[in-house]
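Here's the structure, in structure tokens; my notes come after.
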Amino acid sequence: MAEAPTVLVADDDAGMRESVCRALRREGFQVLAAEDGAAALETLRRGCVDLLVADLRMPGLDGLELLRAARLVAPETEALLISGHGTVEEAVEAMKEGAYDFLTKPFDRAALVRTVRQALERRALILENRSLQRRLDELAGAGELIGTSPGIRPVLDLVRQVAPTTATVLIQGESGTGKELVARMLHDLSPRRGKPFVRVNCAALPETLLESELFGYERGAFTGAVGRKEGRFQLADGGTVLLDEVGDLSPVTQSKLLRVLQEGEFEPLGATRTVKVDVRVVAATNQDLGQLVREKRFREDLYYRLQVITVTVPPLRERREDIPLLAQHFLRRFAAKNHRELDGFTEAALARLLDHAWPGNVRELEHAIERAVILARGRLLDAGDLPEAIAGAEPSARVVPIPIGMPLDEVEQRLIEETLQRTKGDKELAAKLLGIASRTIYRKLREREGGERGDHEPERQG
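If you want this note's numbering, it's the position in the sequence shown, counting the first as 1, plus 248.
See below:
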């Protein structure tokens, strides 16, 4: 079970204070009480308060003054104000000061509990999104290749190791996995970072045009060549050339590329002169080049020249732990671009994102978040803001068979183990899916191991 949130109730009316405390305790909350604003502020200074419920009119430090002070001493504590003589002006002022809501006495227990739960849910979402933002900031030095999952870490490590060298790199992966970002990271972390990075999509241009784009041409080389033009290799001299979809190169262009790799030279179309260039070649493909070699559609000698180092970028479905980070990254980018003020995602939206198959990989996620940012109706992106293909279906529920009569502690253990299997061992993600604290998972695993500690439990922050 998740640890109950702590609610601080501040009211100078002892009867009302006790009534609110009793109602919240019945719902399972941990409740603290303060007889006035000063006592409440002292409790807030000690920390560990998730929600402040304060009466607007109290002697000394009133509700609004307490709210302003709470923002300084406990900025992560959510607040809810109540009053027996509430006015619209007071409610507006409370909301301006950061209160989640304003309740007017008398109110029934159900309304109080519902509002308290909603306030705590918003606080949890804001803290979760802030945590994602901090992790994103920590990763900013790696460019836009975002991720900390076991699937992407080896890729990042290999890129950092290879980037400072002159080695030719072949990047493999499905469409939309971020192969161009890997190439840019290779360039940005290399001694060539101050020189041009030039991308060529080999699949987007016909053979004759692609050859002239890569190697340039002389005046009169073909109909319409009214002057000399430098090719992409010359434009990238000293820098990096990314040949995207390299498997689509024609045999003629493959031969000229091989010469560039071997000798660092080529002849532009229609030229008798040789051009020398110093470029690093990075190739990317979503095809099996080895199979193309076996089918005699790709030169074997070029294949081995290109794959001095091979980097394989995993599909998004194999690195689901990175989806919240990537989604937050795209949210921040598109919110700034579209002048939207957004804080993050609701639990329902995150559940849909984590459950989707992502056949289009990171590119599909990027487009989904861009659409959601534009259509969002609140400060948190909800499931309804996502494309129908993602938001339409309920998240798939994996059935965990529980025999009748199984002890409760074994039921808990089985649920934890099944969830860890689904998250591929990610305890933080499993805790989020189960709605419990991550330290609870560590404790349950230690108990299962008979007290032997197999994983290092992180220290609680704050």
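Using N, Cα and C, we set each Cβ at its ideal position, and we do this for glycine too.
The structure displayed is predicted, hence computed values, not measured ones.
_Complete runs of the alpha helix (DSSP H) confined to the stretch 589 to 618 [at least 4 residues]_ = 595 to 603
*Which residue from L462, S503, T501 and E676 puts its Cα closest to that of G483?*
Here residue 483 is taken as the residue at index 235 of the sequence shown, counted from 1. Checking the displayed sequence, the identity of residue 483 turns out to be Leu instead of Gly. Closest option to L483, Cα to Cα, is L462.
_So within the stretch 271 to 358, which uninterrupted beta strand (DSSP E) runs reach at least 3 residues, ignoring any that extend past its ends?_
278 to 282, 299 to 303, 326 to 331 and 349 to 352
*What does A531 pair with, by DSSP beta-bridge criteria?*
Walking along the sequence shown from the start, residue 531 turns up at place 283. By DSSP's assignment, A531 forms a beta bridge with L418 and L491.
_Do G468 and G518 count as a contact pair if the criterion is CB distance below 8 Å?_
Taking the first residue of the sequence shown as position 1, residue 518 is located at position 270. Taking the first residue of the sequence shown as position 1, residue 468 is located at position 220. Result yes, Cβ atoms of G518 and G468 sit closer than 8 Å.
*asked:* Considering Cα atoms alone, identify which of G308, A262, A287 and R365 is closest to P253.
replied: Translated into the one-based positions of the sequence shown, residue 253 becomes position 5. The shortest Cα separation from P253 among G308, A262, A287 and R365 belongs to R365.
*Determine the burial state of D657: buried for a count of at least 16 other Cβ atoms within 10 Å of its Cβ, exposed for fewer.*
Along the sequence shown, one-based indexing puts residue 657 at 409. So D657 counts as exposed.
*Relative to the alpha-carbon of R274, which residue among V489, V527, V525 and L360 has its alpha-carbon at the smallest distance?*
Working through the sequence shown from its first residue, we reach residue 274 at position 26. Nearest of V489, V527, V525 and L360 to R274, Cα basis: L360.
*Take R691 as the anchor and find which of A372, E660 and G487 has the nearest alpha-carbon.*
Numbered from 1 along the sequence shown, position 443 holds the residue referred to as residue 691. Per the Cα distances, E660.
*From T522 to G399, what does the alpha carbon distance come to, in whole angstroms?*
In the sequence shown, the residue the question calls residue 522 occupies position 274. In the sequence shown, the residue the question calls residue 399 occupies position 151. Whole-angstrom Cα-Cα distance: 44 Å.
*Straight-line gap, P562 to D549 (C-alpha atoms, nearest Å)*: Within the sequence shown, residue 562 is the residue found at index 314, counting from 1. Within the sequence shown, residue 549 is the residue found at index 301, counting from 1. Their Cα atoms are separated by approximately 26 Å.
*6 Å CB neighbourhood of R476 in its chain, flanking five on each side removed*: Residue 476 sits at position 228 when you count from the first residue of the sequence shown. Taken in chain order, the residues that qualify are E466 and R467.
*Residues near G332 in its chain [Cβ-Cβ closer than 6 Å; skip 5 each side]*: Within the sequence shown, numbered from 1, the residue matching residue 332 stands at position 84. For G332, where only same-chain residues beyond five positions count, the Cβ hits under 6 Å are K353.
_Uninterrupted alpha helix (DSSP H) stretches inside the stretch 445 to 486 (no shorter than 4 residues)_ = 455 to 463 and 480 to 483
*Please report the residue range of the beta strand (DSSP E) in which I557 lies.*
Within the sequence shown, numbered from 1, the residue matching residue 557 stands at position 309. Note, I557: beta strand (DSSP E), I557 to T560.
*Name the two residues that bound the continuous beta strand (DSSP E) containing A575.*
For the purposes of this step, residue 575 is taken as the residue at position 327 of the sequence shown. Here A575 belongs to no beta strand (DSSP E); instead the alpha helix (DSSP H) covers I571 to K585.
*According to the neighbour-count rule (16 or more other Cβ atoms, all chains shown, within 10 Å of its Cβ), is Q576 buried or exposed?*
In the sequence shown, the residue the question calls residue 576 occupies position 328. By the neighbour-count rule (16 or more Cβ atoms within 10 Å), Q576 is buried.
*Pick from T325, V446 and L312: whose alpha carbon is nearest that of G295?*
The sequence position of residue 295 within the sequence shown is 47, counting from 1. Nearest C-alpha to G295: T325.
*In the DSSP assignment, find the beta strand (DSSP E) that holds A768 and state where it starts and stops.*
Nothing in the structure corresponds to residue 768, since the chain is present only between 249 and 710.
*Check whether the Cβ atoms of D260 and P307 sit closer than 8 Å, and answer yes or no.*
Locating residue 260 in the sequence shown gives position 12, where the first residue counts as 1. Locating residue 307 in the sequence shown gives position 59, where the first residue counts as 1. For D260 and P307, yes; Cβs fall inside 8 Å.
*How would you write the range of the alpha helix (DSSP H) that D207 sits in, first residue to last?*
What is shown of the chain runs 249 to 710, which leaves residue 207 out entirely.
*Evaluate contact between the stretch 565 to 583 and the stretch 438 to 446, counting only Cβ atoms and requiring at least three cross-stretch pairs below 8 Å.*
Contact between the stretch 565 to 583 and the stretch 438 to 446 is absent: fewer than three C-beta pairs spanning the two stretches fall below 8 Å.
*Just curious, the alpha helix (DSSP H) that V407 is in, first and last residue?*
Taking the sequence shown and counting its residues from 1, the one referred to as residue 407 is at position 159. Here the alpha helix (DSSP H) through V407 covers R401 to V410.
*Which of helix, strand or coil DSSP assigns to K524*: Along the sequence shown, one-based indexing puts residue 524 at 276. Note: K524 maps to strand in three-state DSSP.
*Are R480 and V494 touching if we call contact CB-CB under 8 Å?*
Counting from 1 along the sequence shown, the entry for residue 480 is found at position 232. Counting from 1 along the sequence shown, the entry for residue 494 is found at position 246. No, the pair does not count as a contact, with Cβ atoms beyond the cut-off.
_Helix, strand or coil at L393 [DSSP, three-state]_ = As a position in the sequence shown, residue 393 is number 145, starting the count at 1. Reduced to three states, the DSSP call for L393 is coil.
*Whose C-alpha, out of E676, L634 and M433, is nearest the C-alpha of E569?*
Residue mapping note: residue 569 aligns to position 321 of the sequence shown, counting from 1. Of the listed residues, the one whose Cα sits closest to E569 is E676.
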